[in-house]
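See structure below.
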Amino acid sequence: MFNILKSFGQPAEETKPAEQFAMGEISHQGLVDFVNGFKDSKVPVSEELITSLGLFRDEMMKLPNVVRFEIKEADQKAVLVGDLHGRYFDLVQILEYYNILEEPEKMPYIVFNGDFVDRGYYSLATVATLVYLRHLYPGKVFLNRGNHESAYATVLYGFKSQLMRDYSEEEGNDIYNEFLTVFYALPLITVVHDSIAVIHGGLSVKAANLPDDSPRIQEGNVSYLDICHTLGEINAINRFGEPDSCLIVDNLLWSDPSDLNEGALQPSSRGMSYLFPGNYTRQFLDANNLKMLVRSHELVKEPRKQHEGVCVTVFSAATYAMEDNEGFVLEFTQSSIDNYELPQFESIYFPRADEPGGIHPDHNPFMTMPPLIQLLLAQQMQPMQGSE
17 MFNILKSFGQ PAEETKPAEQ FAMGEISHQG LVDFVNGFKD SKVPVSEELI
67 TSLGLFRDEM MKLPNVVRFE IKEADQKAVL VGDLHGRYFD LVQILEYYNI
117 LEEPEKMPYI VFNGDFVDRG YYSLATVATL VYLRHLYPGK VFLNRGNHES
167 AYATVLYGFK SQLMRDYSEE EGNDIYNEFL TVFYALPLIT VVHDSIAVIH
217 GGLSVKAANL PDDSPRIQEG NVSYLDICHT LGEINAINRF GEPDSCLIVD
267 NLLWSDPSDL NEGALQPSSR GMSYLFPGNY TRQFLDANNL KMLVRSHELV
317 KEPRKQHEGV CVTVFSAATY AMEDNEGFVL EFTQSSIDNY ELPQFESIYF
367 PRADEPGGIH PDHNPFMTMP PLIQLLLAQQ MQPMQGSE
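With positions in the sequence shown counted from 1, the corresponding number in my numbering is that position plus 16.
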C-alpha cells in the first residue's frame with residue numbers, strides 16, 4: 017500500500033469565480049506548475065483551457081475507437097487506472113508513486129479507464145490534468161471514455177455545477193460545452209501489448225436485427241445474439257455522441273460482468289445494459305487473440321477477479337462516496353502480464369462539510385437540492401442512480 021502525499025491544500029471556500037492561473041507552455045515544469053495551481057485551489061485561465069481542450073479533442077478525433085500500443089522496453093511498466101471521479105488527490109498520489117513529477121524519464125505507460133469526473137469535488141482538476149499529461153506524453157498516456165463522460169451524467173452528478181462554481185456563467189458554459197466535445201471524441205478501448213483489452217464497462221453483445229437471427233437473448237427492449245462484437249466491428253462504429261446514440265457504445269460503457277462462469281445475459285440493477293457471464297468474456301478474448309479483460313465502472317473494495325481470472329475490475333477512487341474502500345491500480349511489464357501487481361492506496365482525509373476548513377471532496381450538489389427536486393430528478397433519471 018502506498019500513501020505518498022501527507023498533506024494536500026484544503027478546498028477553498030465556495031466562491032465564484034475562483035482565482036485563475038496561466039497554463040503556460042506544455043512542458044514537464046509546466047505540468048508541475050499545473051498540479052500546484054490546482055493544489056492552491058485555483059483554476060486555469062478559461063481561454064487557455066478552452067484552447068487546450070480544442071487541441072486535445074482534435075487529436076482524439078484522429079484516433080480509432082480501439083487504440084493499441086506495445087510496451088517497447090522489457091522492464092517498462094504499464095499502469096491501468098480505474099475510475100477517479102474527481103478524486104484529484106488520488107490522481108496526484110498515483111503520479112507521485114510512479115515519480116512522474118520528479119523523474120519523467122521513467123514515465124510508465126498509463127491507461128486512464130474513464131469516469132474522470134462527477135461525484136468528487138475536484139473533477140475539473142482531475143480531467144484537466146489528464147488532458148495536460150496526454151499533451152506532454154502522447155506516446156505514454158491513454159484515455160478511455162467512461163459512462164460519466166457524457167452530458168447525461170455530468171449534469172446530474174456534479175461536473176457541470178463545478179464549472180459553474182469556479183468560472184463565470186459564460187465561461188463555465190463555454191468550458192462545459194468544449195468538454196462535451198472532448199468526451200465524445202475519447203476512444204472506447206485500449207489494447208495493451210496485444211494481450212489486454214481495457215474497457216470502461218464491459219462487452220458489447222450483438223443485437224438481433226433480422227427475424228431469422230438465432231439464437232436470441234431478450235434483455236429489456238433489445239434482443240441479443242449470444243455473440244460478442246469483435247474489436248474490428250467496434251472500430252467501424254461512430255462513437256461521437258451521447259452513449260445512448262449507439263447501442264454498442266452504450267454497452268461498452270455500461271455493462272458489468274456477472275459472477276457466473278457460464279450462462280446467459282442477466283438484467284442489470286443499473287437499469288442500463290446487462291450483466292455478462294464468463295463464457296462471453298472467453299469468447300471475446302478468443303475471437304480477438306487476447307489474454308485478459310480489464311475494466312472499471314464498479315466500486316470494489318478490493319481488486320476483483322472474475323471469470324476464472326480473465327476479467328479484472330480496477331477502481332482507483334479511494335473512499336469513494338464515503339465508503340471505506342482503498343484505491344488501486346494494475347501494473348505489469350512485458351514479462352509479467354500474467355503476474356501483474358495491484359498497488360493499493362488510502363485516501364487523504366479532508367474535513368467534512370460541517371467541519372472547519374472546507375467542503376468534503378464527495379460533496380454532491382444533487383444531495384443539497386430540496387427533497388422534492390431530488391425526487392423529481394430521481395424519477396426522471398433513475399438509471400443513473402447508484403451507478404459508478
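Every residue, glycine too, gets a C-beta built ideally from N, C-alpha and C.
Inset, instruction - Figure out for me which residue from Gln109, His101, Ser211, Ile116 has the closest Cα to the Cα of Arg135. - result: In the sequence shown, the residue the question calls residue 135 occupies position 119. Closest by alpha carbon: His101.
Legend entry - Boundaries (first-last residue) of the beta strand (DSSP E) holding Val127: The count along the sequence shown starts at 1 and reaches residue 127 at position 111. Note, Val127: beta strand (DSSP E), 125–129.
Legend entry - Sequence-distant residues of its chain with Cβ nearer than 6 Å to Ser289 (five each side left out): By 1-based counting over the sequence shown, the position of residue 289 is 273. Counting only Cβ-Cβ distances below 6 Å, and skipping sequence neighbours, we find Asn267, Trp270, Ser271.
Inset, instruction - Tell me, please, whether the region 107–127 touches the region 70–82 by the rule of three or more beta-carbon pairs shorter than 8 Å. - result: no
Inset, instruction - Taking the CB atoms as reference points, tell me whether Ile66 and Glu194 lie closer together than 8 Å. - result: In the sequence shown, counting from the first residue as 1, residue 66 sits at position 50. In the sequence shown, counting from the first residue as 1, residue 194 sits at position 178. A contact, by the Cβ cut-off of 8 Å.
Legend entry - Best match in Gln45, Glu41, Phe85 for proximity to Ser68 [C-alpha to C-alpha]: To locate residue 68, count along the sequence shown from 1; it is residue 52. It is Glu41.
Inset, instruction - Could you have a look at Asn253 and say whether DSSP puts it in helix, strand or coil? - result: Numbered from 1 along the sequence shown, position 237 holds the residue referred to as residue 253. The sequence shown places Ile at residue 253, rather than the Asn named in the question. The answer is coil: DSSP assigns Ile253 none of H, G, I, E or B.
Inset, instruction - Please say whether Leu346 and Tyr356 have beta carbons closer to each other than 8 Å? - result: What you label residue 356 is simply residue 340 of the sequence shown in a count that begins at 1. What you label residue 346 is simply residue 330 of the sequence shown in a count that begins at 1. Against a cut-off of 8 Å, the Cβ pair of Leu346 and Tyr356 comes out as a contact.
Inset, instruction - Would you list the one or two residues that DSSP bridges to Gln282? - result: Here residue 282 is taken as the residue at index 266 of the sequence shown, counted from 1. Note: Gln282 sits in a beta bridge opposite Leu291.
Legend entry - Buried versus exposed, by CB contacts within 10 Å (16 or more), Lys317: Here residue 317 refers to the residue found at position 301 of the sequence shown. Burial call: exposed.
Inset, instruction - In angstroms with no decimal places, state the Cα-to-Cα distance between Val127 and Val82. - result: On the sequence shown, residue 127 is found 111 positions in, with the first residue counted as 1. On the sequence shown, residue 82 is found 66 positions in, with the first residue counted as 1. Val127 and Val82: Cα-Cα distance of roughly 13 Å.
Inset, instruction - Return the CA-CA distance between Arg320 and Asn251, expressed in angstroms with no decimal places. - result: The residue labelled residue 320 in the question sits at position 304 within the sequence shown. The residue labelled residue 251 in the question sits at position 235 within the sequence shown. Rounded to whole angstroms, Arg320 to Asn251 spans 28 Å at the Cα level.
Inset, instruction - Report buried or exposed for Pro154, applying the criterion of at least 16 other Cβ atoms within 10 angstroms of its Cβ. - result: To locate residue 154, count along the sequence shown from 1; it is residue 138. Exposed, because fewer than 16 other Cβ atoms sit within 10 Å of the Cβ of Pro154.
Inset, instruction - Kindly examine the ligand GDP and report whether one of its heavy atoms sits closer than 7 Å to the Cβ of Lys307. - result: No copy of the ligand GDP occurs in the structure displayed, which carries no ligand at all.
Inset, instruction - Could you have a look at Lys317 and say whether DSSP puts it in helix, strand or coil? - result: Position 301 of the sequence shown, counting from 1, holds the residue named residue 317. Of the three classes helix, strand and coil, the one that applies to Lys317 here is coil, per DSSP.
Legend entry - CB contact check: Leu268 to chain C, cutoff 8 Å: This model lacks chain C altogether, as it is built from one protein chain only.
Inset, instruction - Per DSSP, which residues does Asn160 bridge with? Please list them. - result: Looking up residue 160 in the sequence shown gives position 144. According to DSSP, which records beta bridges pairwise, Asn160 is partnered with Asn129.
Legend entry - CA-to-CA distance, Gln178 to Asp190, given in whole angstroms: Walking along the sequence shown from the start, residue 190 turns up at place 174. Walking along the sequence shown from the start, residue 178 turns up at place 162. The alpha-carbon atoms of Asp190 and Gln178 are separated by roughly 13 Å.
Legend entry - Cα-Cα separation, Ile353 to Ala167: Position 337 of the sequence shown, counted from the start, is the residue given in the question as residue 353. Position 151 of the sequence shown, counted from the start, is the residue given in the question as residue 167. Rounded to the nearest angstrom, the two C-alpha atoms are 36 Å apart.
Legend entry - Spatial distance of Glu118 from Leu196 (CA atoms): The sequence position of residue 118 within the sequence shown is 102, counting from 1. The sequence position of residue 196 within the sequence shown is 180, counting from 1. If I take the Cα positions, the gap works out to 32 Å.
Legend entry - 4-residue-minimum alpha helix (DSSP H) runs that sit fully inside the region 137–212, ordered along the chain: 139–152, 167–172, 175–182, 185–201
Inset, instruction - Output yes or no for whether 8 Å exceeds the beta carbon distance between Tyr113 and Pro359. - result: To locate residue 113, count along the sequence shown from 1; it is residue 97. To locate residue 359, count along the sequence shown from 1; it is residue 343. In this structure, Pro359 lies closer than 8 Å to Tyr113 by Cβ.
Inset, instruction - Could you name the residues of the same chain whose beta carbon sits closer than 6 Å to that of Ala201, not counting the 5 residues immediately before and after it, in chain order? - result: Indexing the sequence shown from 1 puts residue 201 at position 185. Only Arg73, Met76, Met77 meet the Cβ criterion.
Legend entry - Counterpart residues of Asp99 in DSSP-defined beta bridges: To locate residue 99, count along the sequence shown from 1; it is residue 83. Paired residues: Phe331.
Inset, instruction - Would you identify the three-state DSSP class for Ile66, choosing helix, strand or coil? - result: Position 50 of the sequence shown, counting from 1, holds the residue named residue 66. DSSP places Ile66 in helix when its eight states are reduced to three.
Inset, instruction - Could you say which of Glu63, Pro120, Val97 lies nearest to Val48 if we only look at CA atoms? - result: Position 32 of the sequence shown holds residue 48. Nearest C-alpha to Val48: Pro120.
Legend entry - Among Ser285, Gly294, Glu314, Tyr173, nearest to Asp99 - alpha-carbon criterion: Working through the sequence shown from its first residue, we reach residue 99 at position 83. Taking only the C-alpha atoms, the option nearest Asp99 is Glu314.
Inset, instruction - Could you name the residues that DSSP lists as bridge partners for Glu357? - result: Position 341 of the sequence shown holds residue 357. Paired residues: Glu347.
Inset, instruction - Classify Tyr104 as helix, strand or coil using the three-state DSSP reduction. - result: Looking up residue 104 in the sequence shown gives position 88. In the structure shown, Tyr104 sits in a helix (DSSP, three-state: H, G or I).
Legend entry - Ile415, enclosing beta strand (DSSP E) - first and last residue: This structure does not reach residue 415, given that the chain is present from 17 up to 404, and the question cannot be answered.
Inset, instruction - With a threshold of 16 other CB atoms inside 10 Å of the CB of Asn305, please say whether the residue is buried or exposed. - result: As a working note, residue 305 is residue 289 in the sequence shown. Its Cβ having fewer than 16 others within 10 Å, Asn305 is exposed.
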